[in-house]
Each structure stands twice: as C-alpha cells, then as structure tokens.
C-alpha cells in the first residue's frame, strides 16, 4: 500500500500540470471559436450607446425626447 501512496504523490503534480495545460487550451479555443466572432458581430451591427444616426428618422442629433413623470407620491413609490 505504501508503494501506491508514493506513486499517487508522484502522479499529482503531473496531473496538475496536464490539467492546467488542458484548461488553457480549451479556454483559448472557446474564446477564439465562440466569443471572438460573437463580439465582432455585436460590435458591427449594434449601437448600445445609440450614437449612430437613426436611418429611419434621419435624426441630426443624439438628443432623445425626455418624458416627464408626474410629481406625486404614487410615481415616487414606483421608481423602477
């Protein structure tokens, strides 16, 4: 039984190194195959800050219309 413990103690650092290497390879492939193309597509076709001019309304400014809320207690309770 002591031989198996010795063998196990020698195997653990090797297994740790193999696991670290595999994790880096798998995460790199995941990033290159999934995240990078999705990020590029999102960047090309989206406008999260709404900076690009709207082609339908052909607006000249980035100013959006502001809707004023009522100043009563019910509106204050429903802030979200």
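In our numbering, the protein residues as written are 2 to 81. From the three backbone atoms N, C-alpha and C, an ideal C-beta is built for every residue, glycine too. Since the model is a prediction, treat every value here as computed from it, not as a measurement.
Residue i, DSSP secondary structure in three states
i, result
"residue 68", "coil"
"residue 81", "coil"
"residue 74", "helix"
"residue 50", "coil"
"residue 2", "coil"
Close Cβ partners of residue i (< 8 Å) along its chain, the five nearest in sequence each way excluded
i, result
"residue 37", "none"
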